[in-house]
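S.K.: One structure, as C-alpha cells, below. Some questions next.
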Amino acid sequence: MQPVLTMAICVCTGFSAMCVSVALVALGHYVGLFNVDYIYHNMIPLISSAILFSYALSIYLYLSSFGKGKRLAAGGNTGNLIYDFFIGRELNPRIGSFDLKEFCELRPGLVGWAVINFSMAYHQYATYGVVSASMILVLIFQTIYVVDGLYNEVCSSSNADSRSSAHVCPDLSPSLSRRRA
Amino acid sequence: MALGGLHHDDPAATTERAPGERQKPLSDERDISLSTGYAPRKHRNAVPRSLEHVLFSLSLSLSLSLSLSLSLSLSVAVSCSPAPLPAASMTKPSPSPSSGGKHHPEYEFGGPIGATFVTLTLPLVVYALHLLCNEHGCLGFSLAKGGLVLPPIPELSSIVWWRNDAFLVFLGWFALHVVLLYVLPGQIAYGVASEGHAALPYKINGINARTQAIPLVVIYRDGIGAIS
Numbered sequence: 002m003q004p005v006l007t008m009a010i011c012v013c014t015g016f017s018a019m020c021v022s023v024a025l026v027a028l029g030h031y032v033g034l035f036n037v038d039y040i041y042h043n044m045i046p047l048i049s050s051a052i053l054f055s056y057a058l059s060i061y062l063y064l065s066s067f068g069k070g071k072r073l074a075a076g077g078n079t080g081n082l083i084y085d086f087f088i089g090r091e092l093n094p095r096i097g098s099f100d101l102k103e104f105c106e107l108r109p110g111l112v113g114w115a116v117i118n119f120s121m122a123y124h125q126y127a128t129y130g131v132v133s134a135s136m137i138l139v140l141i142f143q144t145i146y147v148v149d150g151l152y153n154e155v156c157s158s159s160n161a162d163s164r165s166s167a168h169v170c171p172d173l174s175p176s177l178s179r180r181r182a
Numbered sequence: 291m292a293l294g295g296l297h298h299d300d301p302a303a304t305t306e307r308a309p310g311e312r313q314k315p316l317s318d319e320r321d322i323s324l325s326t327g328y329a330p331r332k333h334r335n336a337v338p339r340s341l342e343h344v345l346f347s348l349s350l351s352l353s354l355s356l357s358l359s360l361s362l363s364l365s366v367a368v369s370c371s372p373a374p375l376p377a378a379s380m381t382k383p384s385p386s387p388s389s390g391g392k393h394h395p396e397y398e399f400g401g402p403i404g405a406t407f408v409t410l411t412l413p414l415v416v417y418a419l420h421l422l423c424n425e426h427g428c429l430g431f432s433l434a435k436g437g438l439v440l441p442p443i444p445e446l447s448s449i450v451w452w453r454n455d456a457f458l459v460f461l462g463w464f465a466l467h468v469v470l471l472y473v474l475p476g477q478i479a480y481g482v483a484s485e486g487h488a489a490l491p492y493k494i495n496g497i498n499a500r501t502q503a504i505p506l507v508v509i510y511r512d513g514i515g516a517i518s
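Protein chains in written order, with the numbering used here: chain A, 2 to 182; chain B, 291 to 518.
Okay, structure coming up:
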C-alpha cells in the first residue's frame, strides 16, 4: 500500500490572525506608535531583510530535512543538492507543532502584502492628497485575494485535493482548489 | 464585499477523514513557493556610475523577463499538465528517507539548471520590480525609442540596501504572527494518519471566521475612510 501522504498542515487561525494584526497596525499608526509610511520609505531594506531571512530559513529547512524521522517529499528528494534545496526536501516541515510551510505561505506573507499595499496608498495620499483609482483597484482586488486565501484556509489542505490537478498549481487557482475540497 | 460567498461551508466535516481511508498519495506534493535569498548587493566604487547604472538596469530587466517567462512557462507546462506526474509517481514506490531516493520521475522547473537560475535571479527580480516601476514611471517597451525604456532610477550608491531596524521590523512582524498563531482560539482537528506516522493535530478557528468578518469590515471601512 502506498503511504498516505497528506499535507498535514493546518492551524486555521489565519483569518483572525489577519484581523488582529491589521487592527494592531492600524491602532499603532493611529496612536502614533509608528507610521505606516515607514514601509514605503524602507521598502528596499525590508526586501533585503526578507530575502536574507528566507535564504537562511531555506538553508535551515534543507539541512534539517536530513534529521531522523523526517517525511520527505518524493519530488524533492532527487539527491541533487540545488534542486532539492529549491523544490523542498522535507514534506510539511514542522518545528514542534509549528508548521513552517503553511505559516510562511499564509501569515506573514499574505497579510504583510495587504499591509504593504495600504502603506503605499497612505503614502500616495499623504504626498498627493489623493488616492488614485488604480491604487484603489489594486487595494480592493489584492485584498480580496488575501482575505479569500485566509478565509478559505480552513483546513482545506489535508483533503484538498489529492485528486484535483488544480491543486498542483495552487497559485493559479487557490480559491478554486480550496472550494472544491 | 460578499464575504459570505467566499465562505467555506463546513471545514471540520471535510477535514477529518478516517485514517484508513484510501487516498491517492500526494507524492507529487511539494512546496513550489520560491523561498530564496540573496545578500544585499554591494556598491562597486570602481565602476563609473553611469555605466554601472546601465549594467545594473540591463541585468535587472533581463533577469526579470527571463526568470518570469522561464518559471511561468515551465511551471505551467510541467506542473499543470493534468495527469502524467501523479500517474507516474503512482507506479513507483515512494523513496524512503533512508534510501536517499536517487531515482526520480521527472524534474520540474527545468531541473537543476532552472532551480539554480531561479534561486539566484529571483531576488534580483524582487529588487527590479521595486526599482523599475516607481513614482517617476515604469519600465516600458518602445521600438521607436530602441527597445526597453527605463524610468529614472535613483543612483545605486544612494539606495539604502540594508537597515537593521528594517530587519527588526521584519522579524517583529514574523514574530507577531507566530504569537497570534498560538494565542488566537481555535478548535483542534486531526489530519490523515500516514503510514508510520500518527495523525497530526490541527487547530481550527475558521468556523468562527464569519463572525470575525465583522471587525474586518469595520477595519476596512475605517482604513479606507481614513485614507480617502
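Every residue gets a Cβ at the ideal spot worked out from N, C-alpha and C, and that includes glycine.
Relative to chain B, which residues along the region 46 to 72 of chain A have a C-beta separation below 7 Å, given in chain order?
M.R.: Those residues of the region 46 to 72 of chain A that come within reach of chain B (Cβ to Cβ, closer than 7 Å) are P46, L47, I48, S49, S50, A51, I52, L53, F54, S55, Y56, A57, L58, S59, K71, R72.
S.K.: When Cβ atoms are compared, which residues of the region 79 to 96 of chain A fall closer than 7 Å to chain B?
M.R.: The region 79 to 96 of chain A vs chain B, Cβ under 7 Å: T79, G80, N81, I83, Y84, F87, I88, G89, L92.
S.K.: Where does the unbroken alpha helix (DSSP H) through B:F431 begin, and where does it stop?
M.R.: Indexing the second sequence from 1 puts residue 431 of chain B at position 141. Here B:F431 belongs to no alpha helix (DSSP H); instead the beta strand (DSSP E) covers 430 to 432.
S.K.: Would you tell me roughly how many angstroms separate the C-alpha atoms of B:F457 and A:S49, rounded to the nearest one?
M.R.: As a working mapping, residue 457 of chain B is identified with position 167 in the second sequence. As a working mapping, residue 49 of chain A is identified with position 48 in the first sequence. When rounded, the distance between both Cα atoms is 8 Å.
S.K.: Report the rounded CA-to-CA distance for B:L470 versus A:W114, giving the unit in angstroms.
M.R.: Numbered from 1 along the second sequence, position 180 holds the residue referred to as residue 470 of chain B. Numbered from 1 along the first sequence, position 113 holds the residue referred to as residue 114 of chain A. Approximately 17 Å, taken between the alpha carbons.
S.K.: Under 9 Å between C-beta atoms, does B:A405 make it to chain A?
M.R.: Stepping through the second sequence from its first residue, residue 405 of chain B is reached at position 115. It does: the Cβ of B:A405 has a partner Cβ on chain A nearer than 9 Å.
S.K.: Among residues of its own chain, excluding the 5 on either side of A:G108, which ones have a beta-carbon nearer than 7 Å to its beta-carbon?
M.R.: Against the first sequence, residue 108 of chain A aligns to sequence position 107. The residue asked about is misnamed: residue 108 of chain A is Arg in this sequence, not Gly. For A:R108, where only same-chain residues beyond five positions count, the Cβ hits under 7 Å are G15, A18.
S.K.: Mind pulling the chain B residues with CB within less than 8 Å of A:F104?
M.R.: As a working mapping, residue 104 of chain A is identified with position 103 in the first sequence. Neighbours of A:F104 on chain B, chain order: H467, V468, L471.
S.K.: Would you decide whether A:T40 is buried or exposed? Buried here means 16 or more other CB atoms lie within 10 Å of its CB.
M.R.: Taking the first sequence and counting its residues from 1, the one referred to as residue 40 of chain A is at position 39. A quick correction: the sequence has Ile, not Thr, at residue 40 of chain A. With 16 or more other Cβ atoms within 10 Å, it is buried.
S.K.: According to the neighbour-count rule (16 or more other Cβ atoms, all chains shown, within 10 Å of its Cβ), is B:L412 buried or exposed?
M.R.: Against the second sequence, residue 412 of chain B aligns to sequence position 122. Buried, since its Cβ has 16 or more Cβ neighbours within 10 Å.
S.K.: Let me make sure I understand the geometry here. Which of A:D149, A:M136, A:L101 has the alpha-carbon closest to that of B:V468?
M.R.: To locate residue 468 of chain B, count along the second sequence from 1; it is residue 178. Closest option to B:V468, Cα to Cα, is A:L101.
S.K.: Since B:P413 meets chain A, which of its residues come closer than 7 Å, beta carbon to beta carbon?
M.R.: As a working mapping, residue 413 of chain B is identified with position 123 in the second sequence. Under the 7 Å cutoff, chain A gives I52.
S.K.: Please report the distance separating the alpha-carbon of A:V21 from that of B:E398.
M.R.: Here residue 21 of chain A refers to the residue found at position 20 when the first sequence is read from its first residue. Here residue 398 of chain B refers to the residue found at position 108 when the second sequence is read from its first residue. A:V21 and B:E398: Cα-Cα distance of roughly 38 Å.
S.K.: Under three-state DSSP, which class holds A:I141?
M.R.: Within the first sequence, the letter at position 140 stands for residue 141 of chain A. If DSSP states are grouped into helix, strand and coil, A:I141 belongs with the helices.
S.K.: Less than 9 Å between CB atoms is the rule here; does B:E445 satisfy it with respect to chain A?
M.R.: The residue you call residue 445 of chain B lines up with position 155 of the second sequence. False, the Cβ-Cβ gap to chain A never drops below 9 Å.
S.K.: Nearest CA to the CA of B:T409: which residue from A:Q143, A:M121, A:S55, A:I117?
M.R.: Locating residue 409 of chain B in the second sequence gives position 119, where the first residue counts as 1. Closest by alpha carbon: A:S55.
S.K.: When you compare only the Cα positions, how much space is there between A:N93 and A:R72?
M.R.: Counting from one through the first sequence, the residue named residue 93 of chain A turns up at place 92. Counting from one through the first sequence, the residue named residue 72 of chain A turns up at place 71. For A:N93 and A:R72, the distance between alpha carbons rounds to 8 Å.
S.K.: To the nearest angstrom, how far is the alpha carbon of A:V26 from that of B:K435?
M.R.: For this step, residue 26 of chain A is matched to residue 25 along the first sequence. For this step, residue 435 of chain B is matched to residue 145 along the second sequence. Their backbone Cα atoms lie some 44 Å apart in a straight line.
S.K.: Is the Cβ-Cβ distance between B:L438 and B:G427 less than 9 Å?
M.R.: Taking the first residue of the second sequence as position 1, residue 438 of chain B is located at position 148. Taking the first residue of the second sequence as position 1, residue 427 of chain B is located at position 137. No. Outside cutoff.
S.K.: Could you list the residues in the region 419 to 433 of chain B with a C-beta less than 7 Å from some C-beta on chain A, going in chain order?
M.R.: The residues in question are H420.
S.K.: Chain D beta carbons: is any one of them nearer than 9 Å to that of B:V450?
M.R.: The chain inventory of the structure shown lacks chain D, comprising the protein chains A and B.
S.K.: For A:L47, which residues from the same chain have a beta carbon less than 6 Å from its beta carbon, with the 5 sequence-adjacent residues on both sides left out?
M.R.: For the purposes of this step, residue 47 of chain A is taken as the residue at position 46 of the first sequence. Nothing listed; no residue qualifies.
S.K.: Taking DSSP as the reference, what is the three-state secondary structure of A:G150?
M.R.: Position 149 of the first sequence, counted from the first residue, corresponds to residue 150 of chain A. If DSSP states are grouped into helix, strand and coil, A:G150 belongs with the helices.
S.K.: Between which two residues does the alpha helix (DSSP H) containing B:V468 stretch?
M.R.: Residue numbering aside, residue 468 of chain B sits at position 178 when the second sequence is read from its first letter. Start and end: 454 to 473.
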